[in-house]
Amino acid sequence: MVKVTIDNREIEVENGSTIMEAANRAGIPIPKLCYLKDINEIGACRVCVVEIEGKEKLVTSCNNQVEEGMVVYTNSAKVRRNRRKTIEMILSQHNTDCVTCARNRNCSLQTIARDLNILDVPYEKELRPLPWNKNFPLIRDNDKCIKCMRCIQVCDKIQNVNVWDIEGTGSRTDVYVAGNRNIEESDCTLCGQCVTHCPVGALRARDDTEKAWWAIDNKDKVTVVQVAPAVRTAWGEAFGMTPEETPMGKIVDALKRMGFDYVFDTVFSADLTIMEEGSEFVERYKKGDTRRMPMFTSCCPGWVRFVKARYPHLADRLSTAKSPQQMFGAVMKTYFAQKIGVSPENIVTVSIMPCMAKKAEREMELFYEEYAGHDVDVVLTTRELNRMIKMAHIDPHTLTEKPCDRPMEAGTGAGVIFGTTGGVMEAALRSAYYLMTGSNPEEDAFSKVRSSREQKLWKEAEFQIKDITIRTAVVNGLGNTAKLIEALERGEVHYDFVEVMACPGGCVGGGGQPIKDGMELADGRSGTLRDLDKCAERRFSHENPDILKLYEEFFERPLSHKSHLLLHTEHGR
Amino acid sequence: MSRLEIPIPNRAQLVVEELYRDLERRIESSPSGLCPIDMSKAFLELCHAQSCGKCVPCRVGLGQLKAMITDVLEGRASLSVLEEIKETAECIMESADCAIGYEAANMVYKGLQGFREEYEAHIEQGRCTCTYQQPVPCVSLCPAGVDIPGYIALVYEGRYEDAVRLIRKDNPFPTTCGFICEHPCEARCRRNMVDDSVNIRGLKRMATELAGKVPPPVCSESTGKKVAIVGGGPGGLSTAYYLQLMGHQVVVYEMLPKLGGMLRYGIPNYRLPKEKLDEDIDAILATGVQAQFGRRIGIDLTIDELRKEYDAVLITIGASTDKKLGVEGEDADGVISAVRFLRDVGKDQAIDLKGKEVCVIGGGNVSMDAVRTAVRLGAKKVSIVYRRRIADMTALRDEIDGAIAEGVEVQVLKAPVKICKDADGRVTGLEVQPQMISSIKNGRAGVKPSGEENFTIPCQTVIVAIGQDIEYQHFADAGVPINRGVIQTQNYGGFDLLPGVFAGGDCATGPATVVRAIGAAKVLAANIDEYLGYHHSISSGVEVPQPNIADRNPCGRVNMTEREACERVCDFEGVELPMTEAECRQEASRCLRCDHFGFGALKGGRSTLW
Numbered sequence: 025m026v027k028v029t030i031d032n033r034e035i036e037v038e039n040g041s042t043i044m045e046a047a048n049r050a051g052i053p054i055p056k057l058c059y060l061k062d063i064n065e066i067g068a069c070r071v072c073v074v075e076i077e078g079k080e081k082l083v084t085s086c087n088n089q090v091e092e093g094m095v096v097y098t099n100s101a102k103v104r105r106n107r108r109k110t111i112e113m114i115l116s117q118h119n120t121d122c123v124t125c126a127r128n129r130n131c132s133l134q135t136i137a138r139d140l141n142i143l144d145v146p147y148e149k150e151l152r153p154l155p156w157n158k159n160f161p162l163i164r165d166n167d168k169c170i171k172c173m174r175c176i177q178v179c180d181k182i183q184n185v186n187v188w189d190i191e192g193t194g195s196r197t198d199v200y201v202a203g204n205r206n207i208e209e210s211d212c213t214l215c216g217q218c219v220t221h222c223p224v225g226a227l228r229a230r231d232d233t234e235k236a237w238w239a240i241d242n243k244d245k246v247t248v249v250q251v252a253p254a255v256r257t258a259w260g261e262a263f264g265m266t267p268e269e270t271p272m273g274k275i276v277d278a279l280k281r282m283g284f285d286y287v288f289d290t291v292f293s294a295d296l297t298i299m300e301e302g303s304e305f306v307e308r309y310k311k312g313d314t315r316r317m318p319m320f321t322s323c324c325p326g327w328v329r330f331v332k333a334r335y336p337h338l339a340d341r342l343s344t345a346k347s348p349q350q351m352f353g354a355v356m357k358t359y360f361a362q363k364i365g366v367s368p369e370n371i372v373t374v375s376i377m378p379c380m381a382k383k384a385e386r387e388m389e390l391f392y393e394e395y396a397g398h399d400v401d402v403v404l405t406t407r408e409l410n411r412m413i414k415m416a417h418i419d420p421h422t423l424t425e426k427p428c429d430r431p432m433e434a435g436t437g438a439g440v441i442f443g444t445t446g447g448v449m450e451a452a453l454r455s456a457y458y459l460m461t462g463s464n465p466e467e468d469a470f471s472k473v474r475s476s477r478e479q480k481l482w483k484e485a486e487f488q489i490k491d492i493t494i495r496t497a498v499v500n501g502l503g504n505t506a507k508l509i510e511a512l513e514r515g516e517v518h519y520d521f522v523e524v525m526a527c528p529g530g531c532v533g534g535g536g537q538p539i540k541d542g543m544e545l546a547d548g549r550s551g552t553l554r555d556l557d558k559c560a561e562r563r564f565s566h567e568n569p570d571i572l573k574l575y576e577e578f579f580e581r582p583l584s585h586k587s588h589l590l591l592h593t594e595h596g597r
Numbered sequence: 016m017s018r019l020e021i022p023i024p025n026r027a028q029l030v031v032e033e034l035y036r037d038l039e040r041r042i043e044s045s046p047s048g049l050c051p052i053d054m055s056k057a058f059l060e061l062c063h064a065q066s067c068g069k070c071v072p073c074r075v076g077l078g079q080l081k082a083m084i085t086d087v088l089e090g091r092a093s094l095s096v097l098e099e100i101k102e103t104a105e106c107i108m109e110s111a112d113c114a115i116g117y118e119a120a121n122m123v124y125k126g127l128q129g130f131r132e133e134y135e136a137h138i139e140q141g142r143c144t145c146t147y148q149q150p151v152p153c154v155s156l157c158p159a160g161v162d163i164p165g166y167i168a169l170v171y172e173g174r175y176e177d178a179v180r181l182i183r184k185d186n187p188f189p190t191t192c193g194f195i196c197e198h199p200c201e202a203r204c205r206r207n208m209v210d211d212s213v214n215i216r217g218l219k220r221m222a223t224e225l226a227g228k229v230p231p232p233v234c235s236e237s238t239g240k241k242v243a244i245v246g247g248g249p250g251g252l253s254t255a256y257y258l259q260l261m262g263h264q265v266v267v268y269e270m271l272p273k274l275g276g277m278l279r280y281g282i283p284n285y286r287l288p289k290e291k292l293d294e295d296i297d298a299i300l301a302t303g304v305q306a307q308f309g310r311r312i313g314i315d316l317t318i319d320e321l322r323k324e325y326d327a328v329l330i331t332i333g334a335s336t337d338k339k340l341g342v343e344g345e346d347a348d349g350v351i352s353a354v355r356f357l358r359d360v361g362k363d364q365a366i367d368l369k370g371k372e373v374c375v376i377g378g379g380n381v382s383m384d385a386v387r388t389a390v391r392l393g394a395k396k397v398s399i400v401y402r403r404r405i406a407d408m409t410a411l412r413d414e415i416d417g418a419i420a421e422g423v424e425v426q427v428l429k430a431p432v433k434i435c436k437d438a439d440g441r442v443t444g445l446e447v448q449p450q451m452i453s454s455i456k457n458g459r460a461g462v463k464p465s466g467e468e469n470f471t472i473p474c475q476t477v478i479v480a481i482g483q484d485i486e487y488q489h490f491a492d493a494g495v496p497i498n499r500g501v502i503q504t505q506n507y508g509g510f511d512l513l514p515g516v517f518a519g520g521d522c523a524t525g526p527a528t529v530v531r532a533i534g535a536a537k538v539l540a541a542n543i544d545e546y547l548g549y550h551h552s553i554s555s556g557v558e559v560p561q562p563n564i565a566d567r568n569p570c571g572r573v574n575m576t577e578r579e580a581c582e583r584v585c586d587f588e589g590v591e592l593p594m595t596e597a598e599c600r601q602e603a604s605r606c607l608r609c610d611h612f613g614f615g616a617l618k619g620g621r622s623t624l625w
């Protein structure tokens, strides 16, 4: 332990604590901009500087440690002057058209400037806009970038995709796409982690809300919307409401109030995915197809983009099953269109996802006899859902729980946990067990596969089902995934079935989720999904009555000819 | 009324003078990778500020050049601007009245010629493709990539053994390099911006001196693979060390009786005491590296035999034969190459120079080693004979000064034309042709005959130190590619057509420094390991202390001191004296910790394994 005095308060903190951590311990939150724990401790913004007694130069509190007897001032005249000047400098190079910024009222720079009561900036404005393709799902405004470098670090250290880098030197130093490429040419997986870790509005997702409003307003169109499991864990955060106060039923109410004609829960198509992907796995396993390399899940489009860009030779190891989003879209424009007697051309399928890569997934190449066009027409993130709620001036406190529409209403706990790391694997194993043995396992028999954002590398588990041993791995974050693939390719490990989610913690930590700067909320949101699974009436996808009916009336059985045509794709092509 | 006044320096001018010196030091430590066009603009602004303003080309033209370069930088220019910049620069070069103008324009012109692609990239893509390349200048410039801020921090804390462990991660010759490394790391030390570079080599020497004997780390589990290394110099032994740590059994073949190569048989004891060299070699051998002595490649064993017997073969034979002068009388009795001369001393078979006059031809470090050794062997008079000036010598300044202090004569601007001999074929003198310094080409001043008469420097021994060659014939016969007398490897250190054979060090680069051979050894060890089907990594397990956050107030650099010249010439004992522990700690505290403060915190600050 080390004794330090911070702003005249004597405290004792652990050896190796940073000054910022020590101050936090003393109840003194030091303002900061670039700092991201363990990821970006580079002292670049200089906002967190403090004065140390006996030292002329200020030091950054985020990446310097306390020493025995150190006397620290976090708010001396010198500190105040410097912090203020620094923010003024940053503002001189920041586009401060805040009212038209996606991060207005959720921007760390705005908050600090307001907290420091900066009313005038003495410096000349120096903006450096750079061109960008605004049709790309990820949008970057250079003149809002404060060069905190977090995007570079998150993409390098967590995701290992290395999309961003510093370009140029001196006064013309910019953050831009690495290797002198454009974003379209880069390996960007659209995981959106750079967006959710940007302290300002320099990075954002393309806004597609107007497309949804257009469909709602168009009398010839029937709007059919699906909501992914992870959305319910997080949308309420933006309104200061707890997950208990903001269940799926209230999203249904909000969407109906906006004017969507039909609202469904993606949990339904997650169950459908399990039927297809679980059956595919059992088939591939029995054929001996997983003896060298595993079958990988394919429901995460960030991961699918990653594998195609980095390891194209492994694309045929992906499950051919489409993701729940795409499956639901395909079902909406076929089975459901027939049910309601509407031509698929007049159905607009919308999905609300915790994810930015889903915006690109809807553009995926179609190989079979899907409805000509796209399975899904508009993909919105959780943040866009919240924006639409505000645009429709709906007070979220007035929402009440409403059921989803028929005939694709039912969902199981297995489908719910699709939104968290380990969930797809657990759901698949529950049904694979049934497929192999004809009876259900214990409900929590596969809890060993449950992972978290904190999991180092990946989580492996081995299960004995009758005389068969199945080796599984669950991984989240693409940096961990790259390491897993290296280990697989070197033959250091072997698994039969691997679940990959690109975002740390899974979809709950997705790039389309609400942003709370400095907080990693994925594991808390996962807890919500696991509770929902635990309390669910049904916990096995193969017991979803509406799924069973869908097969009976339309697809016949998993991996049938029809389901191949509509619910599968060819990643390896 | 007085007719004349004594000028009193104006205060502003005095401060500006000081700022000039600050700027000089700053430019000295300028990192590479900066945008060359942005730098050109900055230089131009300085040049323009120097203009007296009398003449149009300089007063106006330089400003217009700056405006055009700014347009390029801001992405406002089209390609045609390059022609305009060129023409304007040419006109200023041709029409400006004084050097302030024409040399300023010349700088822009040179840049336009030298990095036209960068100009074009800015214009065509609107992007600057430059990125900062030296996050931690010393580490970037060390060929072996030694974690310099790391071990300096450990020295500061008195953790000398850990410092040695950390150095060995990248360099298994810490003691040796503490004595004789040419320390390219110090060249751009950011501390120059404050006062002066950190004495990095001195601190490395102190780390090893104060640590005592530090055992090497434990080797990885044996892989059962065997690697033969031909040549037991620093490159071969460093590779051997890392391969052995990775679990492969290494056998080093050395033609001379002891290991060390040029470190033992080239560098004199007074610069690198042999017991110090042995400390490094003992630690390397302690890992289990085996050595076989006295067998010469191409005579006693062949590369093909080694390829059959071992899983991989590495050639690190160094550059150990001498270059010939090509003048009349070179065959005279009493002419000896520096390599041979120093090797004989290393083998305790020194030739007798007592009372003799010696001429050493050449201005490099080997030449300095030869003259200072000749002095210690009792020569009556020792002269360096060099075609150019002292400033043009490639030897380290300290070595030249050391030689002069020891009474060596320096005959500059003398080109050897003939070695005179007596009827018995013995050397009697060296005939030289006086030279005058001449025009500068490729940044180096040339010489031409001054027209003065040739004359003869009387001597009985001539030592030729004009470079070394590589004995490559056997390898050429075995199919190893050779280019201009140097073994030509791919950049991974091997040969596409000879799988399992690798080469590195001086024999693959031409004569270079110890630390470059060590840097190559890391590449070779990693790639041989990979070739053998493994992926071992090398790390130190040492945690680097947090930087101290003290203010970096200007403080003089601790330089090493030497024994008195009159005393040290009487023996071959070490010349350089160590720092005191207090000096050592103060010097270590001068390190700015660029791994933590600055770009290093973001990227490239530290690689803990390779």
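Read top to bottom, the protein sequences are chains B and C.
Following our numbering from start to finish, the first sequence increments by one per residue and tops out at 597.
Following our numbering from start to finish, the second sequence increments by one per residue and tops out at 625.
For every residue, glycine included, the Cβ atom is placed at its ideal position computed from N, Cα and C.
Just so we're clear, the structure is a prediction, and the values are computed from it rather than from any experiment.
Check	Outcome
Local conformation of residue 235 (chain B) per DSSP, three classes	helix
Whole-angstrom distance between residue 143 (chain C) and residue 146 (chain B), CA atom to CA atom	29 angstroms
For residue 529 (chain B) and residue 461 (chain B), the rounded distance between their alpha carbons	31 angstroms
Min CB distance residue 89 (chain B) to chain C below 8 angstroms	yes
Which residues DSSP lists as bridging residue 162 (chain B), in chain order	B:229
Contact set between the stretch 324 to 337 of chain C and chain B, restricted to residues whose Cβ is under 7 angstroms from the partner	none
Near-chain B residues of the stretch 127 to 142 of chain C - C-beta to any C-beta below 9 angstroms	136, 140, 141 and 142
Cβ pair residue 365 (chain C), residue 375 (chain C) closer than 8 angstroms	no
Beta-carbon proximity check, residue 590 (chain C) vs residue 191 (chain C), cutoff 8 angstroms	no
Cβ pair count under 8 angstroms reaching 3, the stretch 512 to 527 of chain B against the stretch 309 to 326 of chain B	yes
Residue-chain proximity (residue 564 (chain C), chain B), Cβ-Cβ < 8 angstroms	yes
Cβ-based burial, residue 496 (chain B) [other Cβ within 10 Å; buried from 16]	buried
Interface residues of chain C facing residue 80 (chain B) [CB-CB closer than 9 angstroms]	566 and 568
Per DSSP, the bridge partner or partners of residue 206 (chain C)	Bridge partners of residue 206 (chain C): none, in fact.
First through last residue of the beta strand (DSSP E) which encompasses residue 484 (chain B)	483 to 489
Contact residues within the stretch 588 to 620 of chain C, judged by C-beta distance below 7 angstroms to chain B	616 and 617
Chain A contacts from the stretch 185 to 197 of chain B (Cβ-Cβ distance under 9 angstroms)	No chain A appears in the structure shown, which is made up of the protein chains B and C.
Those residues which DSSP pairs with residue 171 (chain B) across a bridge	Per DSSP, none; premise fails for residue 171 (chain B).
Buried versus exposed call for residue 519 (chain B) [16 or more other C-beta atoms within 10 Å across all chains shown]	buried
Own chain residues within Cβ distance below 8 angstroms of residue 60 (chain C), not counting five before or after	81
Pairwise C-alpha distance: residue 402 (chain B) and residue 19 (chain B)	Since the first residue shown for chain B is 25 and the last is 597, residue 19 (chain B) is missing from the structure and cannot be characterised.
Buried or exposed by the 16-neighbour rule on C-beta atoms within 10 Å, applied to residue 217 (chain B)	buried
Alpha-carbon to alpha-carbon, residue 25 (chain B) and residue 538 (chain C)	43 angstroms
Same chain, Cβ closer than 8 angstroms to residue 484 (chain C), five either side skipped, listed in chain order	334, 336, 337, 338 and 500
Where residue 38 (chain B) sits in the DSSP three-state scheme	coil
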